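> Chains A and B, in that order, give the protein sequences.
For the first sequence, our numbering begins at 83 and goes up steadily by one.
For the second sequence, our numbering begins at 83 and goes up steadily by one.
There are 2 protein chains.
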Amino acid sequence: MRRAQATPGDSQTERGLRELRSRIVAGHWLANTKLREVPLAESLGLSRTPLRAALLQLEQEGLLQRQGGGYIVRSFSFEDALLAIELRGVMEGTAVRMAAERRLGSKQLVPIQETIHQIDELLRDDCVDQYGELNNRFHDQLCSLAGNTFIKQEVERANRLPFAAPSAFSSSEDDLSRFRTTLIVGQQHHHALVQAISRGEGSRAEALAREHAHLSKTNIEVAYRDRAEKHGEFPQLALVSAQVG
Amino acid sequence: MRRAQATPGDSQTERGLRELRSRIVAGHWLANTKLREVPLAESLGLSRTPLRAALLQLEQEGLLQRQGGGYIVRSFSFEDALLAIELRGVMEGTAVRMAAERRLGSKQLVPIQETIHQIDELLRDDCVDQYGELNNRFHDQLCSLAGNTFIKQEVERANRLPFAAPSAFSSSEDDLSRFRTTLIVGQQHHHALVQAISRGEGSRAEALAREHAHLSKTNIEVAYRDRAEKHGEFPQLALVSAQVG
DNA sequence: CTTGCCGCTAATGTATACAAATATGTGGTA
DNA sequence: TACCACATATTTGTATACATTAGCGGCAAG
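1) Are the beta-carbon atoms belonging to N230 of chain A and M180 of chain A less than 9 Å from one another?
2) State the start and end residues of the unbroken alpha helix (DSSP H) segment that holds V237 of chain B.
3) So with Cβ pairs under 9 Å, would you call Q270 of chain A a contact of chain B?
4) First and last residue of the beta strand (DSSP E) that includes Q147 of chain B?
5) How many Å lie between A166 of chain B and L243 of chain B at the Cα?
6) State yes or no: is the beta carbon of R134 of chain B nearer than 9 Å to at least one beta carbon in chain A?
7) Could you pull out every residue in the same chain whose Cβ sits closer than 7 Å to the Cβ of R170 of chain A, ignoring the five residues on either side in sequence?
8) Measuring straight from C-alpha to C-alpha, what distance separates K312 of chain A and Y153 of chain A?
9) Sort out for me which residues DSSP pairs Y153 of chain A with in a bridge.
10) Once the 5 residues before and after E141 of chain B are set aside, which same chain residues still bring their CB inside 8 Å of it?
11) Would you list the one or two residues that DSSP bridges to F220 of chain A?
12) State the Cα-Cα distance for the pair R219 of chain B and R281 of chain B, rounded to the nearest angstrom.
13) Strictly under 9 Å for the Cβ-Cβ distance: is F232 of chain B near chain A by that measure?
14) Would you verify that the beta carbon of A343 of chain A is, or is not, closer than 9 Å to some beta carbon of chain B?
15) Name, going along the chain, the residues of the region 171 to 189 of chain A whose beta-carbon falls closer than 7 Å to a beta-carbon of chain B.
16) Buried or exposed: which applies to P121 of chain B, given that a residue is buried once 16 or more other Cβ atoms fall within 10 Å of its Cβ?
17) E161 of chain B versus chain A: which residues are under 8 Å apart at the beta carbon?
18) Using the beta-carbon of each residue, which ones in chain A are nearer than 7 Å to E101 of chain B?
19) Could you pull the DSSP bridge partners for A158 of chain A from this structure?
20) What do you get for Q235 of chain B, buried or exposed, if any count of 16 or more other CB atoms within 10 angstroms of its CB means buried?
21) Could you check which residue in A:Q277, A:L265, A:G151 has the C-alpha nearest to that of Q195 of chain A?
22) How about W205 of chain B: is its C-beta nearer than 9 Å to some C-beta of chain A?
23) Determine, for L165 of chain B, whether the minimum Cβ-Cβ distance to residues of chain A falls below 9 Å.
24) Pick from B:R262, B:R118, B:S323, B:A291: whose alpha carbon is nearest that of N301 of chain B?
25) Who are the near neighbours of L117 of chain B in its chain, counting only those whose CB is closer than 8 Å to its CB and skipping five residues on each side?
What follows is the structure, encoded as structure tokens:
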């Protein structure tokens with residue numbers, strides 16, 4: 083039997099990357115904070131070499147930004163966050179259009195329909211805890227249907243920013259009734275998306291994916307307003323600067 | 083007076099990155115070739131540390147791929163190349179739609195109209211040497227009009243693969259007359275794009291950008307067929323695997 | 001009091017030595 | 001003859017020492 087995968091995500095670089103990423107998205111540093119390598123390496127319990135690999139990666143992910151030697155935590159305006167979600171919609175729209183244009187057999191849609199079915203049950207029983215997880219699975223399966231690793235990778239790239247991910251604001255909402263409405267509408271989008279793909283309606287599928295992303299836009303707008311007015315806590319917004327503009 | 087920019091692209095890492103990138107896109111290695119760090123560092127005249135930084139960056143650019151520790155030169159199928167161009171069209175389409183929706187003043191369109199004018203003159207005088215450069219400038223100005231660094235960066239990402247760039251096949255064509263037709267049609271697209279943006283016709287602008295990318299698709303298809311049939315040389319295709327599929 | 005230069009300090013950039021792990025080849029055994 | 005285990009060599013992962021440079025504060029001159 084083959085041994086387990088070599089250092090299965092368990093190297094200094096990987097550990098540092100995960101830990102550093104989670105600290106950044108949790109708002110551990112203010113935007114534009116310069117990260118010094120030596121103290122950071124100490125704090126993460128590794129040496130500068132794997133740390134720099136992690137920093138390089140996080141720059142590519144868009145969480146860090148070079149500034150004259152060294153890195154600073156990137157700041158995102160509210161408009162940036164909206165645009166990131168818009169871009170996700172565009173990318174997912176492209177993926178589902180391609181999926182529709184492939185004229186998939188009905189067999190290939192069984193797994194994603196199963197996911198949809200599970201979300202249906204979730205909503206019926208009104209236990210919304212697992213929604214985020216299932217929703218992520220749905221979106222993952224969705225862009226897999228495009229049939230090309232290329233587009234899938236790019237969609238995943240677009241989802242990487244914490245406020246841009248499909249399920250970024252799928253929980254911890256103050257306004258429960260508005261939240262339920264969002265879920266119901268979103269789930270209708272899911273049904274319609276798969277239907278459009280199964281019928282080869284590429285343009286409709288693309289438009290639906292974009293509109294689906296707009297639900298997230300509304301969510302983030304509500305969260306942003308709540309944070310400003312009620313000083314609510316939204317971990318997903320930790321990276322988004324508070325001032326308007 | 084301020085000193086020149088700190089290490090203005092002149093560090094071991096930068097040099098190695100440039101040199102390595104150019105070797106890869108030139109087809110210096112076959113696809114799936116494993117790059118060994120020590121001999122590669124020697125060959126580039128630097129040590130392993132900056133080399134690894136460059137390798138990491140090239141992985142993010144999509145030219146390299148991790149494989150069980152170490153990197154291999156990524157292989158691209160012909161379909162990958164087509165899809166990369168399609169994605170560029172999608173991204174540029176999003177940028178120009180946003181530009182149109184911003185309702186720009188006519189003043190803001192002066193620079194790009196100047197570029198268009200220069201291309202017009204180029205085509206009239208039938209000196210197509212500088213076309214690639216001007217075309218790149220046009221596309222750069224185009225996605226700048228979206229007014230957000232975010233979208234601009236993503237478009238530039240989509241252009242990074244050598245066969246996906248706007249001017250990838252804007253020269254060295256065998257069939258001169260077909261090439262001229264392509265340029266004329268492409269330039270008409272340019273005119274129409276700026277007109278659509280100036281009129282706030284977002285949907286039209288987006289569709290035009292996608293269709294514009296399809297010109298590149300045709301170009302790469304011709305080049306691919308020529309390579310197979312006439313054994314022509316197309317440096318931009320060095321990364322694209324020769325077998326069909 | 002302002003401004004420009006100089007030197008210091010602290011940071012990143014680089015090289016290299018060492019550790020760990022994987023792949024390979026060889027020998028033995030069933 | 002095929003297959004498994006073990007040893008070895010090659011390669012990547014990590015740490016650290018050193019070089020280099022940018023930022024900064026103080027000092028002197030205008």
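For each residue, glycine too, the CB sits at the ideal point set by N, CA and C.
It should be emphasised that the depicted structure is a prediction, and the values quoted were computed from it without experimental measurement.
Walking through what the data contain:
1) Sequence index remark: in the first sequence, residue 230 of chain A carries index 148 (1-based). Sequence index remark: in the first sequence, residue 180 of chain A carries index 98 (1-based). A contact, by the Cβ cut-off of 9 Å.
2) As a working mapping, residue 237 of chain B is identified with position 155 in the second sequence. Segment 231 to 240, the alpha helix (DSSP H) holding V237 of chain B.
3) Position 188 of the first sequence, counted from the start, is the residue given in the question as residue 270 of chain A. It does not: the Cβ of Q270 of chain A has no partner Cβ on chain B nearer than 9 Å.
4) By 1-based counting over the second sequence, the position of residue 147 of chain B is 65. Looking at the DSSP string, the run of the beta strand (DSSP E) that includes Q147 of chain B is 146 to 148.
5) The residue labelled residue 166 of chain B in the question sits at position 84 within the second sequence. The residue labelled residue 243 of chain B in the question sits at position 161 within the second sequence. Straight through space, the alpha carbons of L243 of chain B and A166 of chain B are spaced by roughly 8 Å.
6) The residue you call residue 134 of chain B lines up with position 52 of the second sequence. For R134 of chain B, the answer is yes, since a Cβ of chain A falls inside 9 Å of its Cβ.
7) Indexing the first sequence from 1 puts residue 170 of chain A at position 88. Taking R170 of chain A as the centre and dropping the five residues before and after it, the same chain places the C-beta of A240, N241, A246, A295 closer than 7 Å to its C-beta, in chain order.
8) What you label residue 312 of chain A is simply residue 230 of the first sequence in a count that begins at 1. What you label residue 153 of chain A is simply residue 71 of the first sequence in a count that begins at 1. Using only the alpha carbons, I get a separation of about 33 Å.
9) For this step, residue 153 of chain A is matched to residue 71 along the first sequence. Bridge partners of Y153 of chain A: A:L117, A:R148.
10) For the purposes of this step, residue 141 of chain B is identified with residue 59 of the second sequence, where counting begins at 1. Hits under 8 Å: Q147, R148, Y153.
11) Numbered from 1 along the first sequence, position 138 holds the residue referred to as residue 220 of chain A. DSSP lists no partner for F220 of chain A.
12) Here residue 219 of chain B refers to the residue found at position 137 when the second sequence is read from its first residue. Here residue 281 of chain B refers to the residue found at position 199 when the second sequence is read from its first residue. Cα to Cα, R219 of chain B sits roughly 22 Å from R281 of chain B.
13) Walking along the second sequence from the start, residue 232 of chain B turns up at place 150. Output row for F232 of chain B: interface = yes.
14) It is not possible to answer for residue 343 of chain A, since the shown part of chain A is limited to 83 through 327.
15) Listed by position along the chain: V172, T176.
16) Sequence index remark: in the second sequence, residue 121 of chain B carries index 39 (1-based). The residue in question, P121 of chain B, is exposed, as its Cβ has fewer than 16 Cβ neighbours within 10 Å.
17) On the second sequence, position 79 is the one that residue 161 of chain B refers to. For E161 of chain B, the neighbours in chain A by C-beta distance under 8 Å run, in chain order, N230.
18) For the purposes of this step, residue 101 of chain B is taken as the residue at position 19 of the second sequence. Ordered by position in chain A, no residue passes the 7 Å Cβ test against E101 of chain B, which lies about 18 Å from the chain.
19) For the purposes of this step, residue 158 of chain A is taken as the residue at position 76 of the first sequence. It should be noted that the sequence gives Phe, not Ala, for residue 158 of chain A. Bridge partners of F158 of chain A: A:V322.
20) Locating residue 235 of chain B in the second sequence gives position 153, counting from the first residue. Taking all protein chains shown into account, Q235 of chain B has fewer than 16 neighbouring C-beta atoms within 10 Å of its C-beta and is therefore exposed.
21) As a position in the first sequence, residue 195 of chain A is number 113, starting the count at 1. Selected option, being the one with the closest Cα: A:Q277.
22) For this step, residue 205 of chain B is matched to residue 123 along the second sequence. Reading off the sequence, residue 205 of chain B comes out as Leu, not Trp. No, its Cβ sits nowhere closer than 9 Å to a Cβ of chain A.
23) Residue 165 of chain B sits at position 83 when you count from the first residue of the second sequence. Yes, L165 of chain B counts as interfacial toward chain A.
24) Locating residue 301 of chain B in the second sequence gives position 219, counting from the first residue. Nearest of B:R262, B:R118, B:S323, B:A291 to N301 of chain B, Cα basis: B:R262.
25) On the second sequence, position 35 is the one that residue 117 of chain B refers to. Only W111, L137, L146, G152, Y153, I154, V155 meet the Cβ criterion.
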